[in-house]
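Undergrad: Counting along the sequence shown from 1, when you hit position 297 you're at 297 in full-length UniProt numbering, and nothing is skipped either side.
For each residue, glycine too, the CB sits at the ideal point set by N, CA and C.
The structure displayed is predicted, hence computed values, not measured ones.
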Amino acid sequence: MTPTEEVTPTEEVTPTGEIIVPVETIPQEDVVVSEDSVTVPEEAITVPEEDFTAPEIVSPLIETNGTVAIIDEETNTTSTLDVGPDTGGIAVGPDGTRAYVTNINNNTVSVINTINNSVEATINVGNYPSGIAFAGENAYVTNVNSNTVTVINTINNNVIGTINVGEKPGAIAVAGEKALVTNINNNTVTVINTINNNVTATINVGERPAGIAVAGDKAFVTNANSNTVTVINTINNNIIGTINVGSYPTGIAVTGDKAFVCNANSNTVTVINTINNNIIGTINVGEYPAAISIIGNEAHVTNFNSNTVTIINTINNNVISTAPARNIPVSTTGHCVCVVPVPKPPCPTCPCPTCPTVPKCPAANFTSNLILVVKFTDLSKDATRWYWTFGDGTNSTEQNPIHVYSKPGSYRVNLTVSNSNCTITKSNVVNVCNNTSSIR
1 MTPTEEVTPT EEVTPTGEII VPVETIPQED VVVSEDSVTV PEEAITVPEE
51 DFTAPEIVSP LIETNGTVAI IDEETNTTST LDVGPDTGGI AVGPDGTRAY
101 VTNINNNTVS VINTINNSVE ATINVGNYPS GIAFAGENAY VTNVNSNTVT
151 VINTINNNVI GTINVGEKPG AIAVAGEKAL VTNINNNTVT VINTINNNVT
201 ATINVGERPA GIAVAGDKAF VTNANSNTVT VINTINNNII GTINVGSYPT
251 GIAVTGDKAF VCNANSNTVT VINTINNNII GTINVGEYPA AISIIGNEAH
301 VTNFNSNTVT IINTINNNVI STAPARNIPV STTGHCVCVV PVPKPPCPTC
351 PCPTCPTVPK CPAANFTSNL ILVVKFTDLS KDATRWYWTF GDGTNSTEQN
401 PIHVYSKPGS YRVNLTVSNS NCTITKSNVV NVCNNTSSIR
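Take a look at the structure:
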């Protein structure tokens, strides 16, 4: 047989014993989609979750530039203190003379003397310390990337214990002799006995639990991806309610018989009656409200994307004012050490691990390219190994490979087959064009 003779796909072996390689062409079709309105049936789609190093919801105070504002209740004035970059959570000690601030990227806790506004100690804790709360004379710090809680004795500022909790522990709150920790990646809350520092329970809550606050014998947990608040009875660790709130709830604070929930994607604050767990109001605030703190009868809401603070009267749930981030009115009552919510400037590159990420809806779009696909079918007899060269510098050891050529043309294809006895090669030229391919 000469190299120019045509071979049909039905031929298998020539009288001289040569092997013929038939070629199938996967047809290419031009698809035209009309611009009419198209209804797509809804399907349950599960998006795989990815691990993340610096979750945007672990600490409602990570956008602070490390500046702390100290409010003097006697003179009703404020002063500021820099405690380093990437300040996370903050809590005031039992006697009010010290404030403990987590430094998320330094893996430390700064101890601030509130009398003279000086940093008097720095304590090494776990990786990416975020939330902090007090139980008696001990401070409990959640370490997001270590999956632990560090216990600090505030009398001598020594670390006295490390407790293993769930994956990505973020917020923490204390109820009596219990510390409750939200585990963002596990969708759980870990309960710690603060007397012996043992884990006593794990409670399943909503998806991506972000914030937690305690009111009496109840704990309120914001579930960012579920758009709900889970209510836990802290006496028996049972769930006693689930409240639907706004989109992407994160920060939460409690005062009296009310809980105030920041809905980051709804630009609102939901007000919950903590006695009957009913919603009693929805307050419009700034863009992307994620953090909230209460001073006296005022709730201060940090609006990250607006670079403002909305101040709410917690008695009548009315907005008092909206102030620039660095111009926060001083409360007329109470004593507070709280973080000045100053968002950082935009990151020079994306993605930015310290900037809040707003979930977005998908945008439909597509393009198409002509693909020159040729399917090769082996018709060899008694072969146990195959080696193809496709004439374009590529090869395959599959028995029936599918090959994509980058452009039309004529390519010499070689098939070498072998078994334990011998090896034989067959060569043919394949013509690849836009609509069909042939062999000669």
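1. When the distance is taken between beta carbons, is valine 214 closer than 9 Å to alanine 175?
2. How big is the Cα-Cα spacing for asparagine 428 and serine 380?
3. In terms of residues, what are the limits of the beta strand (DSSP E) holding arginine 98?
4. Between Thr302, Gly216 and Ile315, which lies nearest to isoleucine 280 when the distance is taken from Cα to Cα?
5. Is it buried or exposed for cysteine 433, if we count other Cβ within 10 angstroms and need 16 for buried?
6. Are the beta-carbon atoms of glycine 89 and valine 141 separated by less than 9 Å?
7. Where are the beta strand (DSSP E) runs, 3 residues long or more, that stay fully inside the segment 375-401, in chain order?
8. May I have the straight-line CA-CA distance separating alanine 291 from glycine 251, to the nearest angstrom?
9. Quick one: residues in its chain with C-beta nearer than 7 Å to the C-beta of valine 301, no 5 flanking neighbours on either side, listed in chain order?
10. Given a cut-off of 9 Å, decide if phenylalanine 260 and isoleucine 235 are closer than it, judged by their beta-carbon atoms.
11. On the criterion of 16 or more Cβ atoms from any shown chain inside 10 Å, does valine 337 qualify as buried, or is it exposed?
12. If we call anything under 9 Å between Cβ atoms a contact, is threonine 188 one with threonine 200?
13. Tell me where the beta strand (DSSP E) around isoleucine 163 begins and ends.
14. Hey, would you say threonine 150 sits closer than 9 Å to phenylalanine 134, going by beta carbons?
15. Contact defined as beta carbons within less than 8 Å: I believe valine 159 pairs with threonine 148. What is the distance between those atoms, to the nearest angstrom?
16. So, with DSSP's three-state summary, where would you put serine 118?
17. Buried or exposed: where does glycine 131 fall if 16 or more other Cβ atoms within 10 Å of its Cβ makes it buried?
18. By a C-beta neighbour count over all protein chains shown, 10 Å radius and 16 as the cutoff for buried, is residue 445 buried or exposed?
19. Could you pull the DSSP bridge partners for tyrosine 405 from this structure?
20. Using CA atoms only, rank isn't needed, just tell me which of Thr394, Lys407, Asp378 and Gly409 is closest to threonine 425.
21. Excluding the five sequence neighbours on either side, which residues of its own chain have a C-beta within less than 6 Å of the C-beta of valine 254, listed in chain order?
22. For lysine 426, which three-state DSSP category applies?
23. Indicate the three-state DSSP secondary structure (helix, strand or coil) for arginine 433 in the structure shown.
24. Could you please give the first and the last residue of the uninterrupted beta strand (DSSP E) stretch that includes threonine 202?
25. Are threonine 282 and glycine 256 close, meaning C-beta to C-beta below 9 Å?
26. In whole angstroms, what is the alpha-carbon distance linking glutamate 298 and asparagine 185?
27. According to DSSP, which residues form a beta bridge with valine 319?
28. How about asparagine 227 and tyrosine 248: are their beta carbons less than 9 Å apart?
29. For asparagine 193, tell me which candidate among Ile163, Glu207, Phe220 and Gly206 has the shortest Cα-Cα distance.
30. Give me the Cβ distance between glycine 170 and valine 144, rounded to the nearest whole Å; I'm assuming they're in contact under 8 Å.
31. Identify, in the order they occur along the chain, each residue of the same chain with its Cβ nearer than 8 Å to the Cβ of proline 94, setting aside the five sequence neighbours on each side.
32. Taking all protein chains shown into account, do 16 or more other C-beta atoms lie within 10 angstroms of the C-beta of glycine 391, making it buried, or fewer, making it exposed?
33. What whole-angstrom Cβ distance do isoleucine 152 and valine 109 have, given they're in contact under 8 Å?
34. Run through DSSP, which three-state label would threonine 222 get?
TA: The structure says:
1. Residue numbering aside, residue 175 sits at position 175 when the sequence shown is read from its first letter. Residue numbering aside, residue 214 sits at position 214 when the sequence shown is read from its first letter. Their beta carbons are under 9 Å apart, which means alanine 175 touches valine 214 by this criterion.
2. Here residue 428 refers to the residue found at position 428 of the sequence shown. Here residue 380 refers to the residue found at position 380 of the sequence shown. One C-alpha to the other measures close to 14 Å.
3. Sequence index remark: in the sequence shown, residue 98 carries index 98 (1-based). Counting along the chain, the beta strand (DSSP E) containing arginine 98 begins and ends at 98-103.
4. Position 280 of the sequence shown, counting from 1, holds the residue named residue 280. Among Thr302, Gly216 and Ile315, the Cα nearest to that of isoleucine 280 is on Ile315.
5. By 1-based counting over the sequence shown, the position of residue 433 is 433. Classification for cysteine 433: exposed.
6. As a first step, residue 89 must be located in the sequence shown, where it is residue number 89. As a first step, residue 141 must be located in the sequence shown, where it is residue number 141. Yes; because the gap between Cβ atoms is below 9 Å, this pair is in contact.
7. 385-389
8. Within the sequence shown, numbered from 1, the residue matching residue 291 stands at position 291. Within the sequence shown, numbered from 1, the residue matching residue 251 stands at position 251. Taking the straight line from one Cα to the other gives about 5 Å.
9. Along the sequence shown, read from residue 1 onward, the residue named residue 301 stands at position 301. Cβ neighbours of valine 301 within its own chain (closer than 7 Å, five residues either side excluded): Cys262, Val269, Val285, Pro289, Ile292, Val309, Thr310 and Ile312.
10. By 1-based counting over the sequence shown, the position of residue 235 is 235. By 1-based counting over the sequence shown, the position of residue 260 is 260. Going by C-beta atoms, isoleucine 235 is not nearer than 9 Å to phenylalanine 260.
11. The count along the sequence shown starts at 1 and reaches residue 337 at position 337. Residue confidence is low: valine 337 scores 40 on pLDDT, short of 50, so the model does not pin down where it sits. No coordinate-derived value is stated.
12. Indexing the sequence shown from 1 puts residue 188 at position 188. Indexing the sequence shown from 1 puts residue 200 at position 200. In this structure, threonine 200 does not lie closer than 9 Å to threonine 188 by Cβ.
13. Here residue 163 corresponds to residue number 163 of the sequence shown, with the count starting at 1. Counting along the chain, the beta strand (DSSP E) containing isoleucine 163 begins and ends at 158-164.
14. Stepping through the sequence shown from its first residue, residue 150 is reached at position 150. Stepping through the sequence shown from its first residue, residue 134 is reached at position 134. No, they are not a contact pair.
15. Here residue 159 refers to the residue found at position 159 when the sequence shown is read from its first residue. Here residue 148 refers to the residue found at position 148 when the sequence shown is read from its first residue. Rounded, the Cβ-Cβ distance is 11 Å, inconsistent with contact.
16. Reading the sequence shown from its first residue, position 118 is the one you call residue 118. In this structure, serine 118 counts as strand in the three-state DSSP scheme.
17. For this step, residue 131 is matched to residue 131 along the sequence shown. Sixteen is the threshold: when 16 or more other Cβ atoms of the shown chains lie within 10 Å of the Cβ of glycine 131, as they do, the residue is buried.
18. Outside the shown range of the chain (1 to 440) lies residue 445, about which nothing can therefore be said.
19. Looking up residue 405 in the sequence shown gives position 405. Its beta-bridge partners are Leu372.
20. On the sequence shown, position 425 is the one that residue 425 refers to. Looking at the Cα atoms, Asp378 is the closest of the given residues.
21. Along the sequence shown, one-based indexing puts residue 254 at 254. Closer than 6 Å at Cβ, skipping near neighbours: Ala213 and Ala215.
22. Translated into the one-based positions of the sequence shown, residue 426 becomes position 426. If DSSP states are grouped into helix, strand and coil, lysine 426 belongs with the strands.
23. As a working mapping, residue 433 is identified with position 433 in the sequence shown. In the sequence on display, residue 433 carries cysteine and not arginine. Here cysteine 433 sits in coil by DSSP.
24. For this step, residue 202 is matched to residue 202 along the sequence shown. Threonine 202 -> beta strand (DSSP E) spans 198-204.
25. The residue labelled residue 282 in the question sits at position 282 within the sequence shown. The residue labelled residue 256 in the question sits at position 256 within the sequence shown. No, the pair does not count as a contact, with Cβ atoms beyond the cut-off.
26. The count along the sequence shown starts at 1 and reaches residue 298 at position 298. The count along the sequence shown starts at 1 and reaches residue 185 at position 185. Distance between the alpha carbons of glutamate 298 and asparagine 185 is about 32 Å.
27. Start at 1 with the first residue of the sequence shown, and residue 319 comes out as number 319. Paired residues: Ile312.
28. Walking along the sequence shown from the start, residue 227 turns up at place 227. Walking along the sequence shown from the start, residue 248 turns up at place 248. Taking 9 Å as the Cβ cut-off, asparagine 227 and tyrosine 248 qualify as a contacting pair.
29. On the sequence shown, position 193 is the one that residue 193 refers to. With distances taken between Cα atoms, asparagine 193 lies closest to Ile163.
30. For this step, residue 170 is matched to residue 170 along the sequence shown. For this step, residue 144 is matched to residue 144 along the sequence shown. So it is a contact: roughly 6 Å between Cβ atoms.
31. What you label residue 94 is simply residue 94 of the sequence shown in a count that begins at 1. Contacts found: Phe134, Gly136, Glu137 and Thr154.
32. Here the question's residue 391 lines up with position 391 in the sequence shown. Label assigned to glycine 391: buried.
33. As a first step, residue 152 must be located in the sequence shown, where it is residue number 152. As a first step, residue 109 must be located in the sequence shown, where it is residue number 109. Confirmed, Cβ separation roughly 7 Å.
34. Translated into the one-based positions of the sequence shown, residue 222 becomes position 222. Here threonine 222 sits in strand by DSSP.
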